[in-house]
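Contents: one structure, followed by commentary.
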Amino acid sequence: MSLSIWPGSPYPLGATPSPEGVNFALFSEQATGVDLCLFDAPEAPREFARLRLPEHTDRIWHGFVPGLRAGQLYGWRVYGPHAPERGLRFRPGKLLLDPCARAFSGDVRLGPELLVPDPDSPAADYDVAPGMPRAVVIDDRAFDWGDDLPPRTPLAQSVIYELHVRGFTKTCPGIPPELRGTYAGLAHPAAIEYLRALGVTAVELLPVHQHADEPHLVCRGMTNYWGYSTLGFFAPHAGYAAADPRAGAHVDEFKAMVRALHAAGIEVILDVVYNHTAEGDERGPTLCFRGIDNPAYYRLEPRDPSRYLDFTGCGNTLNVLHENTLRLVLDSLRHWVSEMHVDGFRFDLAPALLRGRDTGVEQSAPFLTIVHQDPVISRVKLIAEPWDVGHGGYRVGSFPVGWAEWNGRYRDTVRRWWRGHPAQAAELGCRLCGSSDLYEHSGKSPSASINFVASHDGFTLHDLVTYERKRNEANGEDNRDGDNHNHSCNHGCEGETDDELVNRLRRRQRRNLLATLFLSQGVPMLAAGDECARTQGGNNNAYCQDSATGWFDWTRLDDPHARRLLEFTRRLVALRHAHPVFRRPKFLRGRGARPGVAPDAQWFSPAGVELSGDEWRD
Numbered sequence: 068m069s070l071s072i073w074p075g076s077p078y079p080l081g082a083t084p085s086p087e088g089v090n091f092a093l094f095s096e097q098a099t100g101v102d103l104c105l106f107d108a109p110e111a112p113r114e115f116a117r118l119r120l121p122e123h124t125d126r127i128w129h130g131f132v133p134g135l136r137a138g139q140l141y142g143w144r145v146y147g148p149h150a151p152e153r154g155l156r157f158r159p160g161k162l163l164l165d166p167c168a169r170a171f172s173g174d175v176r177l178g179p180e181l182l183v184p185d186p187d188s189p190a191a192d193y194d195v196a197p198g199m200p201r202a203v204v205i206d207d208r209a210f211d212w213g214d215d216l217p218p219r220t221p222l223a224q225s226v227i228y229e230l231h232v233r234g235f236t237k238t239c240p241g242i243p244p245e246l247r248g249t250y251a252g253l254a255h256p257a258a259i260e261y262l263r264a265l266g267v268t269a270v271e272l273l274p275v276h277q278h279a280d281e282p283h284l285v286c287r288g289m290t291n292y293w294g295y296s297t298l299g300f301f302a303p304h305a306g307y308a309a310a311d312p313r314a315g316a317h318v319d320e321f322k323a324m325v326r327a328l329h330a331a332g333i334e335v336i337l338d339v340v341y342n343h344t345a346e347g348d349e350r351g352p353t354l355c356f357r358g359i360d361n362p363a364y365y366r367l368e369p370r371d372p373s374r375y376l377d378f379t380g381c382g383n384t385l386n387v388l389h390e391n392t393l394r395l396v397l398d399s400l401r402h403w404v405s406e407m408h409v410d411g412f413r414f415d416l417a418p419a420l421l422r423g424r425d426t427g428v429e430q431s432a433p434f435l436t437i438v439h440q441d442p443v444i445s446r447v448k449l450i451a452e453p454w455d456v457g458h459g460g461y462r463v464g465s466f467p468v469g470w471a472e473w474n475g476r477y478r479d480t481v482r483r484w485w486r487g488h489p490a491q492a493a494e495l496g497c498r499l500c501g502s503s504d505l506y507e508h509s510g511k512s513p514s515a516s517i518n519f520v521a522s523h524d525g526f527t528l529h530d531l532v533t534y535e536r537k538r539n540e541a542n543g544e545d546n547r548d549g550d551n552h553n554h555s556c557n558h559g560c561e562g563e564t565d566d567e568l569v570n571r572l573r574r575r576q577r578r579n580l581l582a583t584l585f586l587s588q589g590v591p592m593l594a595a596g597d598e599c600a601r602t603q604g605g606n607n608n609a610y611c612q613d614s615a616t617g618w619f620d621w622t623r624l625d626d627p628h629a630r631r632l633l634e635f636t637r638r639l640v641a642l643r644h645a646h647p648v649f650r651r652p653k654f655l656r657g658r659g660a661r662p663g664v665a666p667d668a669q670w671f672s673p674a675g676v677e678l679s680g681d682e683w684r685d
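Every number in the numbering used here is 67 more than the matching position in the sequence shown, counting from 1.
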């Protein structure tokens, strides 16, 4: 095949098809040259053509290849100095993925040639193409959305259901076997009818961006099941596709899933990871960003640019202080709203996106400012996980108007209260009323508080009342991983038991926790399976458990106690939907809050006497 390459355009970034061919554009400030590599099959070990991009405009390398079409497979080889002491890690022997690719075909297959950080090692010059996926040229205009409209459920009226696309559908008996574990499986009527009957208004999907497995997991024969290891910010993860991803069919499959959920009145919120990438620290594989422009994409140690600043616990931190990297994140968010029709985002370790040049968290960070001004992003649901692992990273209550937050204070208070910790009544009262101490001062409403008792990260609701100690040995880290402070209670027996008195108390405590969640002011979030007592056997960090441990266990519904818990949860959700008092637009006021004005809420002891100050502290 004889190919020519024309100058093309620097915008948009990535691969853009037209009737005449495909335009390619890649940002790299430090590169000395960029080759476009074209492949005729995902399993092809080598490219059939390598074309040098002819133009370099505003730090963007670009070219147009006439005759190419959507479905073309491609990658990059980027030339420049390999000088880690200056933060530069170019290695043209490594095929690189396009940061702006709309889809990928294949998975990363980690071998020695992908993991060698030593520039003097002979393996450093090996061609890594056989172990790399290929980017796929996608025509975003080809999908027929029909009359799809977002449900636009007000946040205050929302009930969020956190689920994993693969785990929720993997064993569902009503879904055909070939669709289980996929986007198409979640779009199946059996899955959607379950969600509708439960009464949820939105699903919050664990990461669906294309991701890769960390080397330490690959060595143990495991995967990053949760997906918090992003490789492509524009591409749906190919591993969750029932369709053949080689031509990018999984992009349409994802869109069809969103369309089906919208038709059922259910919004789609994505859990997104823009704080770090799958490349890890300086010992990790070079897959994409590091080999394209390491100092532009990552925060580097000022005194030793060969090392990475890490506010995430995952080896690196994305450098959103660089204008191109910030643009990449914002372009990605707009893409998922405009092209994929999602309804909002939950930002993993959000304070990492706000850290300034002095590494402190800044309330006036460029990321927050631009998101607030953006006419597309600012109009969808924005939810922060308001903590990272860096100094000063616990920021519950600090995100501005327009943002909601996972309320970790709510989770911990409710758990402590039902475990029987002393002196919790006053704080529990505040959490029940929407956490005005955290959100009212900045002009927010109770819906700024995303309330939860359990999530993907930590014990399930069942395990919260069954275990006091985590059981993470199956993760292969000698039980060192996962949080040691769970505020859980085993109620007299560690783990499962045949003692009916203990089991009866545990069943009551599950109902107590669920009732507290759904009758609180704020927005409730339920972790998938907690409504039917899903267990992980005490594992509180099942991030690598792509197995029965991490999947939704549909056989639980065969147990009469689990079915009763499911019905109880449905009644709670229906009660919340039926009565606006549980989703007030303003904070409740107790006695004395406004002189001369009757209180919105009064508090009584079990004896029916209004609580005094001493009783609040007891």
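We treat Cβ as the ideally placed atom computed from N, Cα and C, and that holds for glycine. No experiment lies behind these values; they were computed from the predicted model shown.
Alpha-carbon spacing of T290 relative to R573, whole angstroms: 33 Å
Exposed unless 16 or more other CB atoms sit within 10 angstroms - verdict on P453: buried
Unbroken stretches of the beta strand (DSSP E), 3 residues or longer, contained in the segment 322-401: 334-339 and 371-375
Segment limits, beta strand (DSSP E) that includes A257: Counting along the chain, A257 falls outside any beta strand (DSSP E), though it belongs to the alpha helix (DSSP H) covering P256 to L265.
For L177, the three-state DSSP class (helix, strand or coil): coil
Residue environment, S679, which counts as buried when at least 16 other CB atoms sit within 10 Å: exposed
First through last residue of the alpha helix (DSSP H) which encompasses S503: From DSSP, the alpha helix (DSSP H) with S503 extends over S503 to Y506.
Residue nearest to L499 in terms of C-alpha spacing, selected from L393, G252, R656 and R357: Of the listed residues, the one whose Cα sits closest to L499 is R656.
F654 Cβ short of 7 Å to the ligand GTP heavy atom set: As presented, the structure is devoid of all ligands, the ligand GTP included, so that no description of it is given.
Per-residue DSSP class, three states only, for I72: coil
Which of helix, strand or coil DSSP assigns to R413: strand
Continuous alpha helix (DSSP H) stretch holding D530: start and end: L528 to L531
In chain order, each beta strand (DSSP E) run of at least 3 residues that lies wholly inside the segment 531-603: 590-594
Contact belief for M592 with E229 at Cβ below 8 Å, rounded distance in angstroms: Right, the Cβ-Cβ distance comes to about 6 Å (below 8 Å), so this counts as a contact.
contact_flag[the segment 127-147, the segment 83-94] where n(CB pairs < 8 Å) is 3 or more: yes
First through last residue of the alpha helix (DSSP H) which encompasses G657: Where G657 is concerned, there is no enclosing alpha helix (DSSP H), given that its DSSP letter is neither H nor E.
S269 vs T220 beta-carbon contact at 8 Å: The sequence given here places Ala at residue 269; Ser does not occur at that position. Yes, the Cβ-Cβ distance between A269 and T220 is below 8 Å.
Cβ neighbour criterion (16 or more within 10 Å) applied to S405: Exposed is the call here.
With 16 other Cβ atoms within 10 Å as the buried cut-off, status of Y375: buried
G173 and V195 closer than 8 Å at C-beta: no
Check whether V275 and L253 have beta carbons under 8 Å apart: no
Secondary structure of T622, DSSP reduced to three states: helix
Bridge partner(s) assigned by DSSP for A202: As a beta-bridge residue in DSSP terms, A202 pairs with Y141 and F171.
P200 burial status per 10 Å Cβ neighbour count (16 or more: buried): Here P200 is buried. Its C-beta has 16 or more other C-beta atoms within 10 Å.
DSSP bridge partner residues for C104 (one or two, in chain order): The partner list for C104 (beta bridge, DSSP) reads R117 and G142.
Of the residues W212, I444, R153 and R538, the one placed nearest D550, counting alpha carbons only: R538
C-beta atoms of D613 and Y364 nearer than 8 Å: no
Y295 versus G347, G248 and A264, residue with shortest Cα-Cα distance: Nearest option by C-alpha distance: G347.
Spatial neighbours of W403 in its chain, beta-carbon cut-off 6 Å, leaving aside the 5 residues before and after: Close CB contacts of W403 within its chain, under the 6 Å cut and outside five residues either way in sequence, are with V409 (chain order).
Residues sharing a beta bridge with S85, DSSP: G88
V428 - partner residues in DSSP beta bridges: R422
P433: first and last residue of the uninterrupted beta strand (DSSP E) it sits in: Taken as a continuous stretch (DSSP letters only), P433 belongs to no beta strand (DSSP E), being part of the alpha helix (DSSP H) at P433 to Q440.
For A280, the nearest candidate out of Q97, P442, H552 and R176 (CA to CA): Inspection of the sequence shows that residue 280 is occupied by Asp rather than by Ala. Of the listed residues, the one whose Cα sits closest to D280 is R176.
Inter-residue Cα distance where the pair is D107 and T384: Taking the CA atoms as reference points, D107 sits about 35 Å from T384.
Cβ-Cβ distance between P84 and V203 below 8 Å: no
Rounded Cβ spacing between L298 and T344 (contact assumed at less than 8 Å): 7 Å
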